[in-house]
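Have a look at the structure below before the remarks.
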Amino acid sequence: MVEKQPIVNELIDLVKMQERVWVRGGGSKPSLSANGGEIQFDLRRLSGLIEYDPGEYTFTAWAGTPIKEIAAVLAEHQQYLPFDPLFIEEGSTLGGTIVANTAGSGRYRYGGVRDFLIGIQFVDGRGELIRGGGKVVKNASGFDLPKFFVGSLGRYGVLVETTWKVFPQPFDYANIQVTYLSAADLQQASFALATSPLEMDVQDWMPQDDRWVLDIRMGGLPDVIPSRLERLTQFLNDHSQPVDFLIGRGPEETAKWRDQNSCRWQPNDTILVKIPLNPQKLTELETIIDRYPRRYTAAGNTAWVAVDTLDHLPRQLDAVGLTGLVLRGDQLDEPIIGRRKGMPLAQRVKRALDPNGVFGEV
Amino acid sequence: MDSIQFYQRLQQIFPDKRCLTRDVDLLPYESDALTAFRAKPAAVVIPENEEEVIAAVKLCYEAGVPFVARGSGTSLSGGSLPIRDGLVIALNRLNRIKHIDPEQRTAVVEPGVINLKITEAVERFGLYYAPDPSSQLICTIGGNVAFNSGGAHCLKYGMTSNHILGLKVVLPDGEVVEFGSSSLEGVGIGPDLIGLFIGSEGLFGIALEITVRLMPRPEVYRTVLAAYRDLETAGNAVAAVVASGLLPGAMEIMDRLALKAAEIAVKAGYPAGAEAVLIVELEGEKQQVEAEFVQLNEVIHASGAYEIQVAQNEAQRAKIWKGRKGAFSSVGRLSPDYVVQDGVVPRSQLGKALAEISRLSDAYGLDVANVFHAGDGNLHPLILYDGRVEGALEHAEKLAGEILRLCIRLGGTITGEHGVGLEKRDYMPELFSESDLEAMVAIRREIDPKMIANRGKKLPQGEAPALSSHGLHPLEKKGVISRE
Ligand SMILES: Cc1cc2nc3c(=O)[nH]c(=O)nc-3n(C[C@H](O)[C@H](O)[C@H](O)COP(=O)(O)OP(=O)(O)OC[C@H]3O[C@@H](n4cnc5c(N)ncnc54)[C@H](O)[C@@H]3O)c2cc1C
Chain A
1028 MVEKQPIVNE
1038 LIDLVKMQER
1048 VWVRGGGSKP
1058 SLSANGGEIQ
1068 FDLRRLSGLI
1078 EYDPGEYTFT
1088 AWAGTPIKEI
1098 AAVLAEHQQY
1108 LPFDPLFIEE
1118 GSTLGGTIVA
1128 NTAGSGRYRY
1138 GGVRDFLIGI
1148 QFVDGRGELI
1158 RGGGKVVKNA
1168 SGFDLPKFFV
1178 GSLGRYGVLV
1188 ETTWKVFPQP
1198 FDYANIQVTY
1208 LSAADLQQAS
1218 FALATSPLEM
1228 DVQDWMPQDD
1238 RWVLDIRMGG
1248 LPDVIPSRLE
1258 RLTQFLNDHS
1268 QPVDFLIGRG
1278 PEETAKWRDQ
1288 NSCRWQPNDT
1298 ILVKIPLNPQ
1308 KLTELETIID
1318 RYPRRYTAAG
1328 NTAWVAVDTL
1338 DHLPRQLDAV
1348 GLTGLVLRGD
1358 QLDEPIIGRR
1368 KGMPLAQRVK
1378 RALDPNGVFG
1388 EV
Chain B
9 MDSIQFYQRL
19 QQIFPDKRCL
29 TRDVDLLPYE
39 SDALTAFRAK
49 PAAVVIPENE
59 EEVIAAVKLC
69 YEAGVPFVAR
79 GSGTSLSGGS
89 LPIRDGLVIA
99 LNRLNRIKHI
109 DPEQRTAVVE
119 PGVINLKITE
129 AVERFGLYYA
139 PDPSSQLICT
149 IGGNVAFNSG
159 GAHCLKYGMT
169 SNHILGLKVV
179 LPDGEVVEFG
189 SSSLEGVGIG
199 PDLIGLFIGS
209 EGLFGIALEI
219 TVRLMPRPEV
229 YRTVLAAYRD
239 LETAGNAVAA
249 VVASGLLPGA
259 MEIMDRLALK
269 AAEIAVKAGY
279 PAGAEAVLIV
289 ELEGEKQQVE
299 AEFVQLNEVI
309 HASGAYEIQV
319 AQNEAQRAKI
329 WKGRKGAFSS
339 VGRLSPDYVV
349 QDGVVPRSQL
359 GKALAEISRL
369 SDAYGLDVAN
379 VFHAGDGNLH
389 PLILYDGRVE
399 GALEHAEKLA
409 GEILRLCIRL
419 GGTITGEHGV
429 GLEKRDYMPE
439 LFSESDLEAM
449 VAIRREIDPK
459 MIANRGKKLP
469 QGEAPALSSH
479 GLHPLEKKGV
489 ISRE
């Protein structure tokens, strides 16, 4: 393995010398890399697993490590990052996934990037190497900088090293697609599920022609999956008006979610935007985006929409009090669009970690 | 502003009965559950709404008077200890549950709401609030937010931070900021300010309104108790359960001394002669749990346990947990005083850590009982001492310090859930480098330029009030609450 410390030192020197520093990770979310500047540091040089003890259910790796590499090692021990990091196939890295906060369908059950990242090391805007969190799964010392860096878009520092907790991966999965006549019908089913004890790993929603599909993934022990599926079907029949059920198992099922977590449904030449929401705002959001290809993950709590222009979306989102993040397809000075919250607090942290704006504005 | 003007302004905001300044009225606020420390504040105010909290914070900022937010004062690390001559802002009357949304599984609550009250309010929808500190009968959600509190059932779905979606806070200079949302995504876009605020131990201001995530109540529980002839085998059993790919809701260990105490106090019926017992609980959907239970049984039977008890019904499950949850206060029956530590070690180092604690216990001539969250490596050694004996507290604190250093050496941390507070701040430089700490101080200074919010806590600085021993929390003595 290449000794990484000199590379870290190079990064530190760069930050200390330059007025503005642009870095890139795997390049799977082009809208977030180098908005206008020239890349001076390629984080993929800081790549590789540093520490992994399967019995410990944690690992430490350089921030530029492609997640695909990590996922393969974890899989050998039947372990995984449950939140389904996006764009693994496209080369997404650990660091990029943190700063863009790109969790896929698996976010639904056990939480997102923030819930599995336990330690970081980063170079701040003054060129200091700083550690936050640690290597154990529970830690109340210091401020929780690992969580703060999730979604930070690299504007507070450059991540160098990351430590994660992982979970045992279910031995088997099944997928059940339930078709409804309308979004309202689907929501009725979802709301009933919300207070039921039935467990699912994924609950996606997607419009299909003029219908809506509730797309559920359930993981667990192979022996009981059939009876759990049966029970779920029964529950949905009792509590909603499904018009169709489609069950998927085996390798095809796995491939389906792999495609899904690479957003393969996004048409070429479109702009992919992530929009978190309370699903009770679905109708409002739908009036804005209903002519575009789109999908909802986490039981309607995150919308992913492929638009062909950003001319109106920022203003429209702002009007309904929502925020969006442009991930792919366009380069804006500011990939965050719509309503922003908590700015006074974010700006204070910015002044502390990057007083001279080496990593741009907040 | 001089102190007379400060008092006058305070009295314009708060009526006399909610602005305490007389010594007798201040007494109950002079310490928290780390009763070894004590400090007299200038005044205690008891706001009834968020406007009053904001007004009090603004006044403190203007006058440069330090303040401490206080929930129920159950902090075990001196977190809610007053700052000498500062203001205590007691939040217990901000105890409204403002909104429950069963479909979205969220509730919006004020900071003074008692942890367990949230579950009580949402139970009728089949929901509950998951993090369960064993002080949950009295501790507030605001205190939980400040410490990122955990509990026995945080293995699968996480601690407080994993269950908070939105916050409205007043920063230490009086600016009010809202972040997060009622979406399951919480912050979702932009830096995770919720994550940053949770666990900040009151240094970043006061949480005024909290949006919590609720969970559907698990359909079934399967609880197993296994007894071992030595602690190490119990520790290895934890590793075996984890390695089997199971993800239990709780995994807890109690050692001989803790068992003895629990047996005296609640007669939990734990196996006689055990050096350690392990409690493992599976939770979730019925079919899945039953299948997992078969697997768990195999692992436990192969783990060297000499006796295995399986709860056959809810009453038996409750009995197992009663002993576990009551273990700490029961220890009060074995010893007049104790200090509890909260270090974390990598799970693979549990056996080594416990052996070393036992060695230290012998070397110091002090009994140490262990009751802990084995599933996540969070130790809770209780160091027993007699506060009436001159120097005994200092001796116990010294042993506690050695245990913290042990946790650091083994690759862990000094606190898993009780916070750094006043008690452990001097160990921070052993855990973090100078530049790590400088970054924390820099953030703190930007958020709180006058450093008035919970001054002297968490970060290594300032002067601690002299140590003096005062025994257990009054409610602990009555057996209402217990430490975990
Ligand atoms: C018997 C016993 C058992 C315990 N068991 C556990 C356990 O199982 N797990 C666990 O994690 N802890 C446990 N604790 C510790 C304690 O109960 C928790 O830390 C709890 O979260 C404190 O809540 P509180 O309302 O008492 O807060 P306080 O002690 O009043 O305050 C704690 C900290 O929070 C700050 N604070 C309070 N309210 C706010 C607010 N609204 N905004 C910002 N800051 C605020 C205070 O300034 C202080 O720093 C136990 C304590 C006791 C005494």
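For the protein sequence lines, the chains are A and B, in the order given.
The opening position of the first sequence corresponds to residue 1028 in the numbering used here, with each subsequent residue numbered one higher.
The opening position of the second sequence corresponds to residue 9 in the numbering used here, with each subsequent residue numbered one higher.
Cβ coordinates follow ideal geometry from the N, Cα and C atoms, glycine included.
Assigned secondary structure, residue i (DSSP; H/G/I helix, E/B strand, else coil)
| i | result |
| --- | --- |
| A:ILE1094 | helix |
| B:LEU254 | coil |
| A:TYR1200 | strand |
| B:ALA474 | In this predicted model, B:ALA474 has a pLDDT of only 45, less than 50, meaning its place in the structure is not dependable; the value taken from the coordinates is given anyway. Here B:ALA474 sits in coil by DSSP. |
| A:TRP1331 | strand |
| B:ARG161 | The sequence shown places His at residue 161 of chain B, rather than the Arg named in the question. DSSP places B:HIS161 in coil when its eight states are reduced to three. |
| A:MET1397 | This structure does not reach residue 1397 of chain A, given that chain A is present from 1028 up to 1389, and the question cannot be answered. |
| A:GLY1351 | strand |
| A:LYS1174 | helix |
| A:LEU1273 | strand |
| B:ARG264 | helix |
| B:GLU492 | For B:GLU492, the predicted structure reports a pLDDT of 48, less than 50, and the residue's modelled location is therefore unreliable. A value from the coordinates is still provided. Coil. |
| B:ALA273 | helix |
| A:TRP1191 | strand |
| B:GLU186 | strand |
| B:ALA63 | helix |
| B:ILE21 | helix |
| B:MET259 | strand |
| B:THR43 | coil |
| A:VAL1376 | helix |
| A:PRO1303 | strand |
Sub-8 Å separation of residue i and residue j beta-carbons
| i | j | result |
| --- | --- | --- |
| B:CYS27 | B:SER80 | no |
| B:ILE460 | B:PHE75 | yes |
| B:ARG433 | B:LYS465 | yes |
| A:PRO1269 | A:TYR1319 | no |
| A:GLY1082 | B:SER356 | yes |
| A:THR1120 | A:ALA1090 | yes |
| B:LEU290 | B:ALA242 | no |
| B:TYR393 | B:SER343 | yes |
| B:LEU163 | B:GLU58 | no |
| B:ALA248 | B:ALA234 | no |
| A:ILE1115 | A:LYS1095 | yes |
| B:HIS107 | B:VAL116 | yes |
| B:SER142 | B:LYS327 | no |
Anticipated Cβ contact below 8 Å, residue i with residue j, distance rounded
| i | j | result |
| --- | --- | --- |
| B:LEU439 | A:SER1168 | 6 Å |
| B:VAL352 | A:LYS1165 | 5 Å |
| B:LEU239 | B:ASP200 | B:LEU239 to B:ASP200, Cβ: 38 Å. No contact. |
| A:ALA1210 | A:GLU1313 | 7 Å |
| B:ILE8 | B:LEU179 | The first residue shown for chain B is 9 and the last is 492, placing residue 8 of chain B beyond what the model contains. |
| B:TYR435 | B:ILE391 | Not quite, the Cβ-Cβ distance comes to about 16 Å (not below 8 Å), so this is no contact. |
| B:GLY182 | B:LYS66 | 4 Å |
| A:LEU1349 | A:ILE1302 | 6 Å |
| B:PRO354 | A:VAL1163 | 6 Å |
| B:LEU42 | B:GLU431 | 6 Å |
| A:MET1233 | A:ARG1322 | 5 Å |
| A:PRO1112 | A:THR1129 | 7 Å |
Proximal chain D residues relative to residue i, where beta-carbon distance stays under 7 Å
| i | result |
| --- | --- |
| A:GLY1122 | Note that chain D does not occur in the displayed structure, where the protein chains are A and B. |
Counting only runs that start and end within the region 1067-1143 of chain A, where is the beta strand (DSSP E) found for 3 or more residues in a row? 1076-1080, 1085-1089
Complete runs of the beta strand (DSSP E) confined to the region 413-452 of chain B [at least 3 residues]: none
Kindly provide the ranges of any beta strand (DSSP E) runs that are 3 or more residues long and lie completely inside the region 1222-1294 of chain A, ordered along the chain. Runs of the beta strand (DSSP E) inside the region 1222-1294 of chain A: 1229-1235, 1238-1247, 1271-1276.
4 or more residues per run - each alpha helix (DSSP H) lying fully within the region 353-381 of chain B: Qualifying alpha helix (DSSP H) stretches, in chain order: 358-372.
Complete runs of the beta strand (DSSP E) confined to the region 173-225 of chain B [at least 3 residues]: 184-188, 214-221
Hey, which unbroken runs of the alpha helix (DSSP H) at 4 residues or more fall wholly within the region 292-347 of chain B? 294-309, 322-333, 335-339
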